[in-house]
Ligand SMILES: C[S@@+](CC[C@H](N)C(=O)[O-])C[C@H]1O[C@@H](n2cnc3c(N)ncnc32)[C@H](O)[C@@H]1O
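Next up, the structure:
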């Protein structure tokens, strides 16, 4: 069995993604209000801090998904049947929850290859090597790709007609606004074949106080995660953000149906970004949005699937119905 790692983010791909990063920061800091998308946070260290978030007791999106996989792994196995398949995970991170499924599939003799994809090279390298230590004796092959979602999917391409099972977990889809989530699912189903499966983890709309508590932990991990964005900009673009002069808070916004995290400048200050040759002014307590996590209703999930080339196979909920892993089949 093989355990491989490929970096698709080197050479021309790196310079185009560096340029995309710089342009996104320029647009985000020039806007009023300032707003930066959360994908910017995910360098190797950002991925590590996110893994700490998934271990927080109060961070229900991760705890619910652990519960769903532990309780419903047989239901997922039944859907996959006994055909060989390729399980592709978009934005795999540390693959912590997925390993519950991997172990169960191996124990039950399923034949499959696992292809985790993530923009964080460190996350994918660590994942492949930890899978090799844990499952090296088993029958599973692993090919980890450090790549953007769709670059990774294109690289896998049409190698064979083996059924694909694409995972997009951790309520990462919530980081998109609703129309962008539609475009994402539409592009995804176009990359797949009739009969392929998709499983997406959605955080469901619930009491705003539960949402507030999930994104404002008392240990400050969320604050460290959001403020890490300033380190990433300093490092990638030669900026001079002083992290200690900012604080973070998250809150549910009923207009956008999302938990939005903001980094607040605690004083009036000017930041210079060398790669953009530009200064940016912050007034005291000026907010800058750094995270957007949309909270879905079941109806919205069903519309998202049906409008974008997919049929709902099943919804797997946790006991409190706080979260759902929705499994879809691609229809052409
Ligand atoms: C919210 S975390 C979820 C991690 C993991 N799936 C989980 O459930 O714990 C999002 C992950 O997607 C990755 N990511 C973000 N944007 C990406 C992109 N455009 N292409 C590939 N991976 C991306 C990040 O590096 C991060 O590991």
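Numbering (this note's numbering), first residue to last: -6 to 325. Even glycine gets a Cβ: it sits at the ideal position worked out from N, Cα and C.
Residue i Cβ short of 7 Å to ligand 1 heavy atom set
i, result
"residue 7", "no"
"residue 47", "yes"
"residue 196", "no"
"residue 3", "no"
"residue 165", "yes"
"residue 35", "yes"
"residue 85", "yes"
"residue 21", "no"
"residue 110", "yes"
"residue 380", "In this structure the chain extends from -6 to 325, so residue 380 is not present and cannot be described."
"residue 32", "yes"
"residue 89", "yes"
"residue 52", "no"
"residue 311", "no"
"residue 148", "no"
"residue 59", "no"
"residue 207", "no"
"residue 43", "yes"
"residue 232", "no"
"residue 141", "yes"
"residue 319", "no"
"residue 268", "no"
"residue 123", "no"
"residue 126", "no"
"residue 116", "yes"
"residue 40", "yes"
"residue 113", "yes"
"residue 222", "no"
"residue 174", "no"
Span separating the alpha-carbon of residue i from that of residue j
i, j, result
"residue 303", "residue 258", "43 Å"
"residue 192", "residue 277", "43 Å"
"residue 247", "residue 127", "44 Å"
"residue 129", "residue 78", "19 Å"
"residue 171", "residue 7", "28 Å"
"residue 299", "residue 16", "34 Å"
"residue 65", "residue 12", "42 Å"
"residue 266", "residue 274", "11 Å"
"residue 305", "residue 263", "50 Å"
"residue 185", "residue 108", "15 Å"
"residue 81", "residue 159", "5 Å"
"residue 89", "residue 54", "13 Å"
"residue 208", "residue 194", "17 Å"
"residue 187", "residue 325", "5 Å"
"residue 76", "residue 156", "8 Å"
"residue 280", "residue 22", "11 Å"
"residue 245", "residue -2", "39 Å"
"residue 329", "residue 4", "The structure shown does not extend to residue 329, since the chain spans only -6 to 325, so no value can be given for it."
"residue 40", "residue 134", "24 Å"
"residue 30", "residue 105", "34 Å"
"residue 224", "residue 231", "10 Å"
"residue 24", "residue 284", "15 Å"
"residue 125", "residue -4", "6 Å"
"residue 234", "residue 260", "12 Å"
"residue 68", "residue 297", "23 Å"
"residue 148", "residue 200", "41 Å"
Whole-Å CB distance - residue i paired with residue j, under 8 Å assumed
i, j, result
"residue 102", "residue -6", "Not quite, the Cβ-Cβ distance comes to about 14 Å (not below 8 Å), so this is no contact."
"residue 196", "residue 319", "That pair is no contact at about 12 Å."
"residue 243", "residue 252", "5 Å"
"residue 84", "residue 142", "7 Å"
"residue 116", "residue 0", "Not confirmed; about 12 Å, so no contact."
"residue 162", "residue 137", "The pair is not a contact, with the Cβ atoms about 16 Å apart (cut-off 8 Å)."
"residue 52", "residue 46", "5 Å"
"residue 18", "residue 226", "6 Å"
"residue 189", "residue 317", "Their Cβ separation, rounded to whole angstroms, is 20 Å, which puts residue 189 and residue 317 out of contact at 8 Å."
"residue 204", "residue 288", "7 Å"
Distance cut-off 7 Å: residue i Cβ against heavy atoms of ligand 2
i, result
"residue 295", "Judged by which ligands are present, ligand 2 is missing from the structure shown, whose ligands are ligand 1."
Any C-beta of chain D under 8 Å from that of residue i
i, result
"residue 314", "Among the chains of the structure shown, chain D does not appear; only one protein chain is present."
Answer yes if the segment 235 to 252 comes into contact with the segment 217 to 227, meaning at least three C-beta pairs across the two stretches below 8 Å, and no otherwise. As far as the Cβ criterion goes, the segment 217 to 227 touches the segment 235 to 252, which means the pair count is three or higher.
For the segment 266 to 273 and the segment 288 to 302, state whether three or more C-beta atom pairs, one from each stretch, are separated by less than 8 Å. Contact between the segment 266 to 273 and the segment 288 to 302 is absent, because fewer than three Cβ pairs lie under 8 Å.
With a cut-off of 8 Å, do at least 3 Cβ pairs link the segment 110 to 126 to the segment 35 to 54? Yes: the two stretches touch, three or more of their Cβ pairs being nearer than 8 Å.
Is the number of C-beta pairs between the segment 61 to 80 and the segment 175 to 183 that are closer than 8 Å three or more? In the pairwise beta carbon analysis, the segment 61 to 80 is classified as not touching the segment 175 to 183: fewer than three pairs are separated by under 8 Å.
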